[in-house]
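Here's the structure, in structure tokens; my notes come after.
Numbering (full-length UniProt numbering), first residue to last: 1 to 124.
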């Protein structure tokens with residue numbers, strides 16, 4: 001899932017009758033796994049963030065979220081993306097981090113980060 005990071009919290013959206021959304025409604029303790037997959041960042045990087053989710057259903061919060069999220073993920077036509085997301089049963093999750101239990105950065109591991117090949121270390 002794509003997310004918005006704003007003032008120290010992570011913001012995501014889903015339709016509330018989907019399994020992953022129902023799980024958050026049942027238990028607000030969550031873990032987000034964030035990776036650099038699909039970005040231009042080198043190496044393989046991952047960060048696990050434990051947090052507590054607040055579910056927002058009110059229209060003001062949803063509109064606030066859409067105004068920031070849609071231009072970031074659909075810059076060519078953020079209005080159309082907003083129309084798609086602004087749907088019945090849509091909720092917005094705000095995740096307040098409480099711990100970072102795991103991280104990985106293959107650039108800091110010798111070789112190719114998987115026990116083979118040669119790479120240049122970037123932390124020197």
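Virtual Cβ for every residue (Gly too), placed ideally from N, Cα, C.
- By the criterion of a C-beta distance shorter than 8 Å, residue 98 is surrounded in its chain by 50, 51 and 52, once the five residues flanking it on both sides are discounted.
- Straight across, the Cα-Cα distance linking residue 29 with residue 92 is about 15 Å.
- Excluding five sequence positions before and after residue 1, the CB atoms of its chain that fall closer than 7 Å to its own CB belong to 12, given in chain order.
- Per the C-alpha coordinates, the member of 89, 109, 95 and 110 positioned closest to residue 17 is 89.
- Per DSSP, residue 83 lies in no beta strand (DSSP E) segment; the continuous alpha helix (DSSP H) that holds it begins and ends at 78-85.
- By the neighbour-count definition (other C-beta atoms within 10 Å, threshold 16), residue 66 is a buried residue.
- The segment 5-38 is shown to contain whole beta strand (DSSP E) runs of 3 or more residues at 9-15 and 29-35, in chain order.
- Here the alpha carbons of residue 96 and residue 55 stand approximately 11 Å from one another.
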